[in-house]
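Residue numbers (our numbering): 21 to 210.
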């Protein structure tokens, strides 16, 4: 009888140890999945329409709808990064204002964003389709992919606010500071 109790006790202890390991693995999986979860993207993507003016942005969305966003008259340059040109690809985050009109809180001209950008330690090209190509072969952690989420630029896993975007300059900001880039013409020989 003592042998049976001893064997049962050892069996129960082994089962508890076995289950405990699996339980911890599940807890770790849950912790990882929380880190991986993405923020929903509220950005509307489309093309700048012909009804665009100084204080309004007409966006022909990827779904074919036309939305007219009002721009803050005092802050239009800060709202739209990269300018507005009919036919340019745009990313817009907006809301319905108290008058019931759509108001752009931030917009990025994706067409202006595309191209080769350089700084002291970076030389990369933002290409269509979410591709980033680094021209510095010795770079230890080059950016290889990009996307826009909630009008923020995500390069690999680094998230940046676009502080300025012009024909020849790009200013990105994150928790580590502001990064300045200048546009470099893309050689046709590459």
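Heads up, the beta-carbon is just placed ideally off N, CA and C, and yes, glycines get one too.
- If the five residues before and after residue 138 are omitted, its C-beta is found closer than 7 Å to the C-beta atoms of 201, 202 and 204, all from its own chain and listed in chain order.
- A distance below 8 Å separates the beta carbons of residue 67 and residue 109.
- CA-CA distance, residue 123 to residue 116, rounds to 6 Å.
- With a contact defined as Cβ atoms closer than 8 Å, residue 88 and residue 71 qualify at about 7 Å.
- Taking a contact as a CB-CB distance under 8 Å, the pair residue 134 and residue 152 does not count as one, their CB atoms being some 11 Å apart.
- The alpha carbon of residue 147 has as its nearest neighbour, out of 165, 156 and 120, the alpha carbon of 165.
- Per DSSP, the unbroken alpha helix (DSSP H) holding residue 130 starts and ends at 130 to 133.
- In the DSSP annotation of this structure, the continuous segment of the beta strand (DSSP E) that includes residue 77 starts and ends at 76 to 81.
- Rounded to whole angstroms, residue 162 and residue 76 show a C-alpha spacing of 37 Å.
- Measuring C-alpha to C-alpha distances from residue 107 to each of 78, 144 and 119 identifies 78 as the nearest.
- The alpha-carbon separation between residue 64 and residue 154 amounts to approximately 28 Å.
- Put simply, the backbone Cα of residue 143 is about 44 Å away from that of residue 120.
- Counting only the Cα atoms, residue 114 lies some 10 Å from residue 171.
- Taking residue 179 as the centre and dropping the five residues before and after it, the same chain places the C-beta of 172 closer than 6 Å to its C-beta, in chain order.
- By the 16-neighbour rule on beta-carbons within 10 angstroms, residue 127 is buried.
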